[in-house]
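Those letters in the sequence shown? Residues 35 to 229, by the working numbering.
By construction, the Cβ of each residue, glycine as well, lies at the ideal position given by its N, Cα and C atoms.
Below: one structure, written as structure tokens.
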Amino acid sequence: MAFCAGLLVITEALAGGGPGGAVYAGESVAIDTDGAARSMDAVKPDVPEAHPFYISVCQVDHNPDTGALEMSFRIFMDDLELALETMGTERLHLGTEREAEKADLYISRYLVRHVVVEINGRRVNAAFLGKEVELDAMWCYVEVGDIPVFETMTMTNTLLLETYEDQVNLVHVNANGQKKSLVFNQQQVTQTLEF
């Protein structure tokens with residue numbers, strides 16, 4: 035932005051001592067090269083506020099050596115916490131030092147209720163392995179054992195759909211030497227992949 039060349043941005047921390055001893059506290063101002071001050075509102079681009087997005091990502095890998103279907107879910111912690119509270123769970127303080135002792139149990143129950151997997155037309159049971167915090171998100175790890183090479187995988191994924199109307203759940207699958215992806219939302223909660 036060429037018109038900003040030579041401008042010095044003074045932030046809200048500035049409480050005096052500007053050109054001519056003027057006080058600019060509480061407002062961001064720009065000082066032009068000629069010493070004139072003006073509000074930063076005049077130089078800010080007219081950009082609409084960002085709309086929050088609601089998305090989860092699941093990585094599914096079939097390990098042919100162990101026969102395990104390994105699933106990793108990346109979910110924003112505040113969204114997961116809200117979904118659990120909506121179901122009647124007390125505040126869990128996910129990812130903090132105050133995290134409830136039963137947090138893993140509630141997360142496991144939530145995942146089992148909202149993610150259903152069928153292999154070759156047969157529903158399989160997943161075991162919750164644990165979780166990790168990554169900034170404002172949580173990785174949740176789930177595994178289904180004793181899955182040989184398979185021809186079809188059907189998944190129902192309703193994670194956070196009860197909480198957010200515009201929630202999107204992405205699923206990436208690596209199995210039988212193939213990589214495939216699915217997108218789940220309010221209109222599409224169950225899908226089948228063929229390998």
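- Restricting attention to 176, 215, 96 and 201, the CA atom closest to the CA of residue 117 is found in 201.
- For residue 188 against residue 130, the beta-carbon gap comes to about 36 Å, at or over 8 Å, which does not count as contact.
- For residue 154, the closest C-alpha among the options 182, 186 and 214 is that of 186.
- The distance from the Cβ of residue 178 to that of residue 158 is about 5 Å, consistent with a contact at the 8 Å cut-off.
- In the same chain as residue 133, and ignoring 5 residues on each side of it, the C-beta atoms closer than 7 Å to its own belong to 126 and 127, in chain order.
- Partner residues in the beta bridge of residue 191, as assigned by DSSP, are 149.
- DSSP places residue 166 in no alpha helix (DSSP H) but in the uninterrupted beta strand (DSSP E) bounded by 161-168.
- In the three-state DSSP reduction, residue 175 falls in the strand class (E or B).
- In its chain, beyond the 5 residues on either side, 108 and 204 have a beta carbon closer than 7 Å to the beta carbon of residue 91.
- Here residue 228 is exposed, its C-beta having fewer than 16 other C-beta atoms within 10 Å.
- In the assembly as shown, residue 121 is an exposed residue. Its beta-carbon has fewer than 16 other beta-carbons within 10 Å.
- Using a 10 angstroms sphere on the CB of residue 161, the tally of other CB atoms stays under 16, which defines it as exposed.
- For residue 195 against residue 221, the beta-carbon gap comes to about 10 Å, at or over 8 Å, which does not count as contact.
- Assignment of residue 180 by DSSP, reduced to helix, strand and coil, places it in the coil class.
- Going by DSSP, residue 118 is part of the alpha helix (DSSP H) stretching over 111-120.
- Listed in chain order, the non-local C-beta contacts of residue 101 below 7 Å within the same chain comprise 179, 180, 181 and 182, local neighbours out to five positions each way being set aside.
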